[in-house]
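K.L.:
Chains as they are written, first to last, in the numbering used here: chain Y, 1 to 376; chain L, 1 to 376.
Below is the structure I would like to discuss, written out as structure tokens.
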């Protein structure tokens with residue numbers, strides 16, 4: 001295998017290591033298969049049809065989206081089993097219904113009586129999941145609340161197809177140990193299953209129990225009562241997931257290829273042409289044991305350069321420096337102007353969103369380009 | 001004048017108040033005119049041709065870009081006096097030269113002998129400015145350094161057109177008082193002029209002395225020795241500029257229109273459909289006297305709602321809450337599901353970059369759409 005020639009690329013580019021991505025897909029799919037449920041990947045991380053085809057080829061069933069634009073793009077590309085996993089509001093019902101009229105099996109989500117009422121008042125028969133709050137992190141109704149049954153009855157009595165319950169334990173991103181990750185996975189599972197049982201006890205249908213986040217999906221020991229898992233960032237992994245403890249840096253498939261544009265030797269700085277516009281402003285490792293600044297620094301071949309990080313960033317300037325802040329007389333020789341580095345991102349969802357295209361490094365060393373989209 | 005009807009917009013959208021933008025353009029243009037120099041706006045903030053035409057119509061001369069893609073897009077749209085204000089590297093020379101061959105007056109920047117050598121070795125006669133470090137903030141050579149003359153002589157002897165010097169006092173973003181802003185403006189001016197004088201004393205040409213940032217441009221008392229000012233974010237203004245002290249919130253032209261999608265009343269949360277993917281991850285006011293979280297909250301008409309902020313954000317969920325963290329029994333009535341809010345951004349450059357289109361509210365209440373671009 002020839003190492004890819006990256007010298008012709010106009011930096012910064014979003015470099016996607018296809019072999020690492022394939023490894024991440026296999027790892028998650030095998031894990032979810034072994035837990036006896038189906039995997040519905042969240043496509044909000046990559047927003048790229050080519051990536052989602054690779055997930056489907058490995059065994060994924062359906063997709064999860066965070067915006068109706070994602071639903072439209074992926075439906076147009078041939079994905080028709082879609083869960084829109086953000087509570088829907090009245091102003092979005094016409095767009096959602098238009099997709100359903102075109103043949104899309106689009107499931108929507110609510111967590112309030114008001115939204116449920118708007119849904120049934122629309123005159124269309126939507127397939128609906130109720131969002132459950134299993135970690136106090138975001139949206140959703142509490143599994144033991146009266147509100148759960150109120151929302152369920154509003155939907156069912158109004159003629160909606162009550163598909164079930166869904167939750168996302170975003171608090172898992174704050175875990176740092178295997179024990180806490182397992183406990184969070186079990187909390188996510190048990191509370192969502194509890195909500196499903198309460199709906200069924202109230203004679204309401206609840207065939208679907210959908211849970212997931214990359215950390216909990218990779219940490220669950222069993223998923224009794226669950227029917228599907230959703231996860232997104234596992235496709236690329238990132239420094240936050242490494243800090244949480246669910247991947248190694250050698251599994252991070254997305255990096256930003258940058259070129260050295262200058263030095264400030266008295267400060268120990270190497271300036272590169274990937275600033276925060278390329279890396280994003282995400283500082284997700286800021287409160288981790290290891291704070292990676294704006295990213296971890298690898299050589300052109302993708303090997304981590306120990307002791308360095310992107311310490312700071314302007315819009316189009318990244319400042320690479322030693323972690324210990326010491327000056328380094330060899331900086332200009334070690335990182336000459338025009339040489340290339342790969343910077344691993346804190347948060348792959350945020351970094352990927354800064355680019356209209358992935359530059360994909362295939363396992364055979366060849367390079368191809370996969371489009372991605374932004375916006376709503 | 002009819003208030004615009006925003007109810008048909010699929011949120012989140014990047015809402016641009018055209019009257020506020022026009023005010024910001026006039027304010028900066030009049031100021032730079034009165035200082036007796038020309039204004040070369042930095043188009044990296046808006047990345048939108050329609051915006052740049054409005055700046056030119058008001059008297060701007062040329063544009064500044066932060067990427068060669070910006071140079072290409074704006075040249076194709078009819079802007080041919082362009083300063084590429086990030087140090088150029090060997091891998092970008094062919095793209096830069098291709099623009100020049102097509103008739104673009106493209107000035108490039110270097111701050112090292114190595115980059116200057118690569119430039120003259122290319123065989124093309126580039127117009128070049130030397131970047132000066134006037135605040136220790138980023139790139140550039142020190143005005144009193146031997147390096148300044150070394151770079152100047154490398155360019156001049158090598159046959160490049162040495163146009164002059166440029167600097168950007170990014171440290172002005174850390175100022176918080178009128179006095180410190182004036183002092184930073186004078187530091188930026190005097191150190192850049194000093195560099196120009198040293199080049200001229202060494203018999204090197206230096207017709208251009210280019211300085212600027214929005215805070216220093218709006219704070220300078222005189223610009224003796226300067227020929228042009230560059231500034232970018234003034235076009236939209238934002239909460240960081242408000243915190244620095246160079247605009248009022250009523251001058252912020254860019255906001256994100258969001259819809260209320262739910263509540264967590266026990267926590268005092270209003271959930272909206274603009275998360276960090278819409279606002280960006282920029283937390284530029286984090287270390288300000290007033291920390292705005294992910295944004296300041298305005299009603300649908302654009303009036304600030306005192307006492308609230310976007311306290312937190314997930315990818316597609318924004319969490320609006322009272323600044324004092326207290327619960328509020330009237331939240332669901334005050335912010336009903338389906339109602340709309342405008343969120344003012346910390347950093348307009350970062351927030352704008354999340355959107356492919358501006359939804360422009362014209363002064364007559366009509367709505368139009370202006371495209372913007374991303375990528376490199």
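Note that CB positions come from ideal geometry on N, CA and C, so glycine has one too.
Because the structure is a prediction, the values reported are computed rather than measured.
Closer than 7 Å to a non-hydrogen atom of the ligand SAM - does that hold for the CB of residue 148 (chain Y)?
P.N.:
The model depicted lacks the ligand SAM and carries no ligand whatsoever.
K.L.:
What number of angstroms, rounded off, separates the C-alpha of residue 180 (chain Y) from the C-alpha of residue 263 (chain Y)?
P.N.:
For the purposes of this step, residue 180 (chain Y) is taken as residue 180 along the first chain, with counting starting at 1. For the purposes of this step, residue 263 (chain Y) is taken as residue 263 along the first chain, with counting starting at 1. The alpha-carbon atoms of residue 180 (chain Y) and residue 263 (chain Y) are separated by roughly 43 Å.
K.L.:
According to DSSP, is residue 185 (chain L) part of a helix, a strand, or is it coil?
P.N.:
Mapped onto the second chain, residue 185 (chain L) falls at position 185. If DSSP states are grouped into helix, strand and coil, residue 185 (chain L) belongs with the helices.
K.L.:
How would you label residue 350 (chain L), buried or exposed, when you count the other beta carbons within 10 angstroms and need 16 or more for buried?
P.N.:
Position 350 of the second chain, counting from 1, holds the residue named residue 350 (chain L). By the 10 Å Cβ count, residue 350 (chain L) comes out buried.
K.L.:
Starting from residue 413 (chain Y), follow the alpha helix (DSSP H) in both directions and report where the run begins and ends.
P.N.:
A question about residue 413 (chain Y) goes unanswered here, because the residues of chain Y that appear run from 1 up to 376.
K.L.:
Determine the closest residue to residue 314 (chain L) out of L:138, L:305, L:196 and L:281, with distance taken between C-alpha atoms.
P.N.:
Here residue 314 (chain L) refers to the residue found at position 314 of the second chain. Taking only the C-alpha atoms, the option nearest residue 314 (chain L) is L:281.
K.L.:
Determine the extent of the alpha helix (DSSP H) in which residue 24 (chain L) is found, giving its start and end residues.
P.N.:
In the second chain, counting from the first residue as 1, residue 24 (chain L) sits at position 24. That run of the alpha helix (DSSP H) goes 18-34.
K.L.:
Quick one: measure Cβ to Cβ for residue 214 (chain L) and residue 246 (chain L), integer angstroms, because I've assumed they're closer than 8 Å.
P.N.:
The sequence position of residue 214 (chain L) within the second chain is 214, counting from 1. The sequence position of residue 246 (chain L) within the second chain is 246, counting from 1. About 6 Å separates the two Cβ atoms, so the contact holds.
K.L.:
Closer than 9 Å by beta-carbon distance: list the chain Y residues that pair up with residue 355 (chain L), in chain order.
P.N.:
Here residue 355 (chain L) is taken as the residue at index 355 of the second chain, counted from 1. Correct list: 374, 375 and 376.
K.L.:
Which class does residue 69 (chain L) belong to by DSSP, given the choice of helix, strand or coil?
P.N.:
Indexing the second chain from 1 puts residue 69 (chain L) at position 69. The answer is helix: DSSP assigns residue 69 (chain L) an H, G or I state.
K.L.:
Go ahead and pull the three-state DSSP assignment for residue 376 (chain L).
P.N.:
Reading the second chain from its first residue, position 376 is the one you call residue 376 (chain L). Residue state, collapsed to three classes: coil.
K.L.:
Where do the ends of the alpha helix (DSSP H) carrying residue 9 (chain L) lie?
P.N.:
Locating residue 9 (chain L) in the second chain gives position 9, counting from the first residue. Run containing residue 9 (chain L): none; DSSP gives neither H nor E here.
K.L.:
What three-state label does DSSP hand residue 14 (chain Y) in the structure shown?
P.N.:
Locating residue 14 (chain Y) in the first chain gives position 14, where the first residue counts as 1. If DSSP states are grouped into helix, strand and coil, residue 14 (chain Y) belongs with the strands.
K.L.:
For residue 298 (chain Y), list the residues DSSP reports as bridge partners.
P.N.:
Taking the first residue of the first chain as position 1, residue 298 (chain Y) is located at position 298. According to DSSP, which records beta bridges pairwise, residue 298 (chain Y) is partnered with Y:304 and Y:342.
K.L.:
Tell me, please, which residues DSSP counts as bridged to residue 318 (chain L).
P.N.:
Along the second chain, one-based indexing puts residue 318 (chain L) at 318. Bridge partners of residue 318 (chain L): L:272 and L:313.
K.L.:
Run through chain L and tell me which residues come within less than 7 Å of residue 50 (chain Y), C-beta to C-beta.
P.N.:
Residue mapping note: residue 50 (chain Y) aligns to position 50 of the first chain, counting from 1. Within 7 Å Cβ-Cβ: nothing; residue 50 (chain Y) doesn't reach chain L, min ~17 Å.
K.L.:
Taking DSSP's pairing of strands, which residues face residue 166 (chain Y) in a bridge?
P.N.:
The sequence position of residue 166 (chain Y) within the first chain is 166, counting from 1. Residue 166 (chain Y) is bridged to Y:131 and Y:210.
K.L.:
Flag this pair as yes or no: are the beta carbons of residue 88 (chain L) and residue 115 (chain L) separated by less than 8 Å?
P.N.:
For the purposes of this step, residue 88 (chain L) is identified with residue 88 of the second chain, where counting begins at 1. For the purposes of this step, residue 115 (chain L) is identified with residue 115 of the second chain, where counting begins at 1. Contact: yes.
K.L.:
If you follow the alpha helix (DSSP H) that residue 50 (chain L) is part of, which residue opens it and which one closes it?
P.N.:
What you label residue 50 (chain L) is simply residue 50 of the second chain in a count that begins at 1. Here the alpha helix (DSSP H) through residue 50 (chain L) covers 49-57.
K.L.:
List the residues of chain L whose Cβ lies closer than 9 Å to the Cβ of residue 350 (chain Y), in chain order.
P.N.:
Position 350 of the first chain, counting from 1, holds the residue named residue 350 (chain Y). Ordered by position in chain L, the residues that pass the 9 Å Cβ test against residue 350 (chain Y) are 276, 277, 280, 281 and 315.
K.L.:
Would you list, in sequence order, the uninterrupted beta strand (DSSP E) runs of no fewer than 3 residues that lie entirely inside the stretch 343-373 of chain Y?
P.N.:
Listed in chain order, they are 357-361 and 367-371.
K.L.:
What does residue 122 (chain Y) reach in chain L if we use C-beta pairs closer than 8 Å?
P.N.:
Within the first chain, the letter at position 122 stands for residue 122 (chain Y). Going along chain L, no residue has its Cβ under 8 Å from residue 122 (chain Y), so there is no contact; the nearest lies around 12 Å.
K.L.:
Once the 5 residues before and after residue 347 (chain L) are set aside, which same chain residues still bring their CB inside 6 Å of it?
P.N.:
On the second chain, position 347 is the one that residue 347 (chain L) refers to. Hits under 6 Å: 238, 240, 282 and 284.
K.L.:
Take the Cβ of residue 17 (chain L) as the centre, count every other Cβ of all protein chains shown within 10 Å, and call the residue buried at 16 or more, exposed below.
P.N.:
The residue labelled residue 17 (chain L) in the question sits at position 17 within the second chain. Classification for residue 17 (chain L): buried.
K.L.:
Using C-beta distances below 6 Å, list every residue in its chain close to residue 80 (chain L), excluding the 5 sequence neighbours before and after it, in chain order.
P.N.:
Position 80 of the second chain, counted from the start, is the residue given in the question as residue 80 (chain L). Hits under 6 Å: 104 and 105.
K.L.:
Could you tell me how far apart the beta carbons of residue 41 (chain Y) and residue 231 (chain Y) are, in whole angstroms, since I believe they sit closer than 8 Å?
P.N.:
Counting from one through the first chain, the residue named residue 41 (chain Y) turns up at place 41. Counting from one through the first chain, the residue named residue 231 (chain Y) turns up at place 231. Their Cβ separation, rounded to whole angstroms, is 7 Å, which keeps residue 41 (chain Y) and residue 231 (chain Y) in contact under 8 Å.
K.L.:
Who does residue 324 (chain Y) pair with in a DSSP beta bridge?
P.N.:
Residue numbering aside, residue 324 (chain Y) sits at position 324 when the first chain is read from its first letter. Paired residues: none, contrary to the question.
K.L.:
Find the nearest neighbour of residue 344 (chain L) within the set L:12, L:4, L:5 and L:7, judged by alpha-carbon distance.
P.N.:
If you number the second chain from 1, residue 344 (chain L) lands on position 344. Considering only alpha carbons, the answer is L:12.
K.L.:
Can at least three beta-carbon pairs, one atom from the stretch 189-203 of chain L and one from the stretch 137-157 of chain L, be found at a separation below 8 Å?
P.N.:
Yes: at least three Cβ pairs fall under 8 Å.
K.L.:
So, residue 90 (chain Y) versus residue 170 (chain L), is the Cβ gap smaller than 8 Å?
P.N.:
The residue you call residue 90 (chain Y) lines up with position 90 of the first chain. The residue you call residue 170 (chain L) lines up with position 170 of the second chain. It is not a contact, given that the beta carbons lie outside the stated cut-off.
K.L.:
Using a 10 Å radius around the Cβ and a threshold of 16 neighbouring Cβ atoms, would you call residue 1 (chain Y) buried or exposed?
P.N.:
Residue mapping note: residue 1 (chain Y) aligns to position 1 of the first chain, counting from 1. With a pLDDT of only 49 at residue 1 (chain Y), under the threshold of 50, the placement of this residue in the model should not be trusted; the figure read from the coordinates follows. Exposed, because fewer than 16 other Cβ atoms sit within 10 Å of the Cβ of residue 1 (chain Y).
K.L.:
Using a threshold of 8 Å, state whether the C-beta atoms of residue 4 (chain L) and residue 304 (chain L) are closer than that.
P.N.:
Residue 4 (chain L) sits at position 4 when you count from the first residue of the second chain. Residue 304 (chain L) sits at position 304 when you count from the first residue of the second chain. No, the Cβ-Cβ distance between residue 4 (chain L) and residue 304 (chain L) is not below 8 Å.
K.L.:
Suppose you measure from the CA of residue 253 (chain L) to the CA of residue 322 (chain L); what does that come to, to the nearest Å?
P.N.:
Along the second chain, read from residue 1 onward, the residue named residue 253 (chain L) stands at position 253. Along the second chain, read from residue 1 onward, the residue named residue 322 (chain L) stands at position 322. If I take the Cα positions, the gap works out to 24 Å.
K.L.:
Residue 293 (chain L) bridges to which residues according to DSSP?
P.N.:
Here the question's residue 293 (chain L) lines up with position 293 in the second chain. Residue 293 (chain L) pairs with L:310.
K.L.:
I need the DSSP call for residue 221 (chain Y), collapsed to helix, strand or coil.
P.N.:
Translated into the one-based positions of the first chain, residue 221 (chain Y) becomes position 221. Residue 221 (chain Y) falls in the coil class under three-state DSSP.
K.L.:
Could you say which of Y:373, Y:297 and Y:354 lies nearest to residue 334 (chain Y) if we only look at CA atoms?
P.N.:
As a first step, residue 334 (chain Y) is located in the first chain; it is residue number 334 there, counting from the start. Out of Y:373, Y:297 and Y:354, Y:297 has the C-alpha closest to the C-alpha of residue 334 (chain Y).
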